[in-house]
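S.K.: In terms of full-length UniProt numbering, the sequence shown opens at residue 1 and continues consecutively.
C-beta: ideal position from N, C-alpha, C; glycine also.
Bear in mind that the values here come from a model prediction, so they are computed numbers and not experimental data.
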Amino acid sequence: MRAIHVTEFGGPEVLRLVEVPDPRPEPGRLLIDVSAAGVNYADTHAVEDSYLSRSALPMIPGGEVVGRTEDGRRVVALADRYGGYAEMTSVREDLAIDLPDSVSDGEALALIVQGLTAWHLLRTVGRVAPGESLVVHAAAGGTGSLAVQLARIFGAGRVIATASTPQKRDLALSLGADVAVDADAEGLKDRLTEANEGKKVDVVLEMTGGPVFDESLAALAPFGRLVTYGMASRQTPRPVHAAQLMGRSRAVVGFWLMHAVGRPGMYREPMSELLEMVGDGRLKPQVGCVYPLTEAARAHEDLRARRTVGKLVLDTSR
Numbered sequence: 001m002r003a004i005h006v007t008e009f010g011g012p013e014v015l016r017l018v019e020v021p022d023p024r025p026e027p028g029r030l031l032i033d034v035s036a037a038g039v040n041y042a043d044t045h046a047v048e049d050s051y052l053s054r055s056a057l058p059m060i061p062g063g064e065v066v067g068r069t070e071d072g073r074r075v076v077a078l079a080d081r082y083g084g085y086a087e088m089t090s091v092r093e094d095l096a097i098d099l100p101d102s103v104s105d106g107e108a109l110a111l112i113v114q115g116l117t118a119w120h121l122l123r124t125v126g127r128v129a130p131g132e133s134l135v136v137h138a139a140a141g142g143t144g145s146l147a148v149q150l151a152r153i154f155g156a157g158r159v160i161a162t163a164s165t166p167q168k169r170d171l172a173l174s175l176g177a178d179v180a181v182d183a184d185a186e187g188l189k190d191r192l193t194e195a196n197e198g199k200k201v202d203v204v205l206e207m208t209g210g211p212v213f214d215e216s217l218a219a220l221a222p223f224g225r226l227v228t229y230g231m232a233s234r235q236t237p238r239p240v241h242a243a244q245l246m247g248r249s250r251a252v253v254g255f256w257l258m259h260a261v262g263r264p265g266m267y268r269e270p271m272s273e274l275l276e277m278v279g280d281g282r283l284k285p286q287v288g289c290v291y292p293l294t295e296a297a298r299a300h301e302d303l304r305a306r307r308t309v310g311k312l313v314l315d316t317s318r
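#1: Can the beta-carbon of PRO61 be found less than 8 Å from the beta-carbon of GLY84?
#2: Measuring CB to CB, does LEU109 end up less than 8 Å from VAL75?
#3: Going by CA-CA distance only, name the one from PRO166, LEU275, VAL313 that's closest to LEU283.
#4: Quick check: what's the CA-CA separation for VAL34 versus VAL287?
#5: First and last residue of the alpha helix (DSSP H) that includes ARG304?
#6: Please report the residue range of the beta strand (DSSP E) in which TYR291 lies.
#7: Give me, in chain order, the residues of the same chain whose beta-carbon lies closer than 7 Å to that of ARG152; leave out the 5 immediate sequence neighbours on both sides.
#8: Let me know the secondary structure DSSP gives ASP184 once reduced to three states.
#9: Suppose you measure from the CA of SER272 to the CA of LEU150; what does that come to, to the nearest Å?
#10: Skipping 5 residues on each side, what residues in its chain have a beta carbon closer than 7 Å to that of ARG29?
#11: Can the beta-carbon of PRO12 be found closer than 8 Å to that of HIS259?
#12: Going by DSSP, what residue range makes up the alpha helix (DSSP H) through HIS120?
#13: Exposed or buried, PHE213, counting other C-beta atoms within 10 Å across all chains shown (16 or more means buried)?
#14: Among PRO285, THR208, ALA221, which has the Cα closest to the Cα of GLY254?
#15: May I have a chain-ordered list of the alpha helix (DSSP H) segments no shorter than 4 residues that lie completely inside the region 68-152?
#16: In chain order, what residues of the same chain have a beta carbon less than 6 Å from the beta carbon of VAL136, not counting five sequence neighbours either side?
#17: Rounded C-beta distance between TYR229 and THR117? I'm assuming under 8 Å.
#18: Helix or strand or just coil, what does DSSP make of LYS311?
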């Protein structure tokens with residue numbers, strides 16, 4: 001089969017298309033003929049070995065796939081051993097979810113990591129209460145575009161989006177954000193406060209790190225929560241001291257989706273809810289560019305350069 005094979009850690013240049021042996025059947029696992037694979041920002045970390053879990057070489061990147069099982073079921077699944085950027089892969093049976101025909105490959109891929117992440121950011125760790133103000137950074141991206149919509153569905157108050165270009169900010173507004181501001185770190189705290197009608201904000205969903213994290217923490221109201229779930233800037237924020245949190249009764253909470261996988265009620269159930277919302281039109285995943293498998297490196301380049309919106313997809317047939 002064709003697959004993207006990584007034999008050395010690095011940037012997009014290490015992603016190479018080669019022929020590798022097909023995966024073999026194993027107890028408790030499903031073989032999937034992959035029709036499409038999702039591209040996540042975490043994949044860019046995995047191929048340079050800078051993510052939360054260590055990568056091992058050689059590797060086939062990619063943590064989410066849509067395809068057909070050997071008995072013909074159409075499923076979306078987390079690829080727990082990576083392996084998604086390929087024409088075939090093997091996944092745990094319990095991580096495969098049957099798909100209705102009404103949900104496209106791209107929509108399903110938008111939900112399995114980014115949709116579940118957005119759901120948990122709001123429900124599980126951010127615990128956004130009805131009427132609370134919410135900041136969604138990178139609101140035109142895969143997770144952010146879903147978080148904006150889910151915030152509206154779940155009854156959040158003022159939803160403030162950040163994005164790097166006017167076009168991305170317009171997209172966030174069209175998805176339900178009340179206001180959208182420039183994502184640049186300089187002066188961000190003041191822009192967020194102004195966007196919240198002069199008040200500090202209740203919850204921030206933050207995946208950039210560095211100065212954006214620092215400014216977001218400074219923008220929190222008493223009892224506010226900053227939920228951090230990414231390191232897109234590859235910059236480390238300043239250390240957070242207990243007095244900073246106690247002094248304004250603020251909280252910083254981390255989230256990584258893999259801690260939810262396998263826990264009762266935290267994987268299949270929210271995924272079922274997300275699929276239902278897509279099916280009845282309440283939730284509209286934003287599918288961005290679809291790249292041929294041969295251009296996986298370009299997908300990583302575009303993602304790292306912030307040239308993308310929505311969910312990025314690799315078409316394994318090309």
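M.R.: So, from the listed chains and residues:
#1: yes
#2: no
#3: LEU275
#4: 18 Å
#5: 296-304
#6: 287-292
#7: VAL159, GLY176
#8: coil
#9: 14 Å
#10: SER90, VAL91, ARG92, GLU93
#11: no
#12: 116-120
#13: buried
#14: THR208
#15: 105-110, 116-120
#16: GLY144, ALA147, VAL148, ALA161, LEU205
#17: 6 Å
#18: strand
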